[in-house]
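Student: In the working numbering, the protein residues as written are 14 to 296. We put the CB at the ideal spot given by N, CA and C, even for glycine. My structure is below; once you've seen it, I'll send some questions.
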DNA sequence: GTCCTGACGG
DNA sequence: CCGTCTGGAC
């Protein structure tokens, strides 16, 4: 039988479409409950145009490099490991660490389980929080071996039971490893940009969301499921280049006329806690 | 001083 | 809700 034709596109513009995703569930009822924000489709198109014209760091990373040759079980484990390494770490650093694990044959639950923790630690350096992540990787590998026959959990709830796996990673792994869209992968960029655009709010309130989880739930109430995958790379790259955490480049932004935060020095949810002054001047 | 595609314990 | 975990880049 003839499979769907997958067009070969510029490898760094994968965010444009995700032909490999099959699971667009029919239970679309929740999408109707909340009125979508005005002009959201025009805004998405504007962001897409900006993403095509300006290169973002996230575009130069191919998470599949080297792991497509692995068996399905190992490929899924590699996706999980790469996602675990990614928190608070730049993309290319994460990618290089994952490649070192691959070269040393550690991208399988079985070998990772038996590997020395100090070895893992040295191989993943200098990703952020490498000491904790080396511990988490060993624990995760052991669970995968003992409970999943070397595979990884296949549901969000079971993924969340793994140490070091939170909502952002769980939803990313469901998409990248299992080709299932259970929810939007909301990271710091999606969280910040969504709030600046006024796309999300706390339940029964006009105020913005205070956590990525609140952002995920709020976004999913109006954004059509077809966009749940593409929204991530779209807003991540946009957040890396134009809608940056500090000093967003509103002058270069083509959707500023739609943005309630344009040219305002807003305190974003992501930066509020970190910008807080560690010491008070008491006079 | 702040960011980096977060998660966890207090 | 808050601090903490890592260290390099800017």
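#1: Measuring CB atoms only, is the segment 80-96 touching the segment 181-189, in the sense that at least three cross pairs come out at less than 8 Å?
#2: With a 10 Å radius around its C-beta and 16 neighbouring C-beta atoms as the bar for buried, classify residue 105 as buried or exposed.
#3: Figure out for me which residue from 237, 231, 177 and 123 has the closest Cα to the Cα of residue 98.
#4: Determine, using beta carbons only, whether residue 122 and residue 163 come nearer to each other than 8 Å.
#5: Which residues mark the beginning and the end of the alpha helix (DSSP H) in which residue 209 is found?
#6: Assuming contact is defined by CB atoms lying nearer than 8 Å, are residue 209 and residue 274 in contact in what I supplied?
#7: Ends of the alpha helix (DSSP H) at residue 268?
#8: Would residue 227 be called buried (16 or more neighbouring beta carbons within 10 Å of its own) or exposed?
#9: At what residues does the alpha helix (DSSP H) containing residue 152 begin and finish?
#10: Could you tell me the alpha carbon to alpha carbon distance between residue 72 and residue 218, rounded to whole angstroms?
#11: Which whole-angstrom value describes the C-beta separation of residue 225 and residue 181, a residue pair presumed to lie in contact below a C-beta threshold of 8 Å?
#12: Closest to residue 249 by C-alpha separation, out of 74, 48 and 50, would be which residue?
#13: Verify whether the separation of the beta carbon atoms of residue 140 and residue 114 is less than 8 Å.
#14: Beta-carbon within less than 6 Å of residue 22's beta-carbon, same chain only, minus the 5 sequence neighbours each way: which residues are those?
#15: Could you give the DSSP three-state label for residue 277: helix, strand or coil?
#16: In terms of residue numbering, what span does the alpha helix (DSSP H) encompassing residue 184 cover?
Tutor: This is what the structure holds:
#1: yes
#2: Translated into the one-based positions of the first chain, residue 105 becomes position 92. Exposed.
#3: The count along the first chain starts at 1 and reaches residue 98 at position 85. Answer by Cα proximity: 177.
#4: For the purposes of this step, residue 122 is taken as residue 109 along the first chain, with counting starting at 1. For the purposes of this step, residue 163 is taken as residue 150 along the first chain, with counting starting at 1. Yes. Within cutoff.
#5: In the first chain, counting from the first residue as 1, residue 209 sits at position 196. Run containing residue 209: 201-209, per the alpha helix (DSSP H) assignment.
#6: As a first step, residue 209 is located in the first chain; it is residue number 196 there, counting from the start. As a first step, residue 274 is located in the first chain; it is residue number 261 there, counting from the start. Cβ distance < 8 Å, so residue 209 and residue 274 count as in contact.
#7: On the first chain, position 255 is the one that residue 268 refers to. Per DSSP, residue 268 belongs to no alpha helix (DSSP H) and is neither H nor E.
#8: For the purposes of this step, residue 227 is identified with residue 214 of the first chain, where counting begins at 1. Counting Cβ neighbours within 10 Å, residue 227 comes out buried, since at least 16 surround it.
#9: As a position in the first chain, residue 152 is number 139, starting the count at 1. Its alpha helix (DSSP H) spans residues 143-161.
#10: For the purposes of this step, residue 72 is taken as residue 59 along the first chain, with counting starting at 1. For the purposes of this step, residue 218 is taken as residue 205 along the first chain, with counting starting at 1. C-alpha separation (whole angstroms): 36 Å.
#11: Counting from one through the first chain, the residue named residue 225 turns up at place 212. Counting from one through the first chain, the residue named residue 181 turns up at place 168. Right, their Cβ atoms sit about 6 Å apart.
#12: Stepping through the first chain from its first residue, residue 249 is reached at position 236. Checked all of 74, 48 and 50; the closest Cα to residue 249 is 74.
#13: Position 127 of the first chain, counting from 1, holds the residue named residue 140. Position 101 of the first chain, counting from 1, holds the residue named residue 114. Taking 8 Å as the Cβ cut-off, residue 140 and residue 114 do not qualify as a contacting pair.
#14: Position 9 of the first chain, counted from the first residue, corresponds to residue 22. Its pLDDT being 35, under 50, residue 22 is placed unreliably in this model, and the value from its coordinates should be taken loosely. Hits under 6 Å: none found.
#15: Here residue 277 corresponds to residue number 264 of the first chain, with the count starting at 1. Three-state DSSP puts residue 277 in coil, outside helix and strand.
#16: Position 171 of the first chain, counted from the start, is the residue given in the question as residue 184. That run of the alpha helix (DSSP H) goes 180-191.
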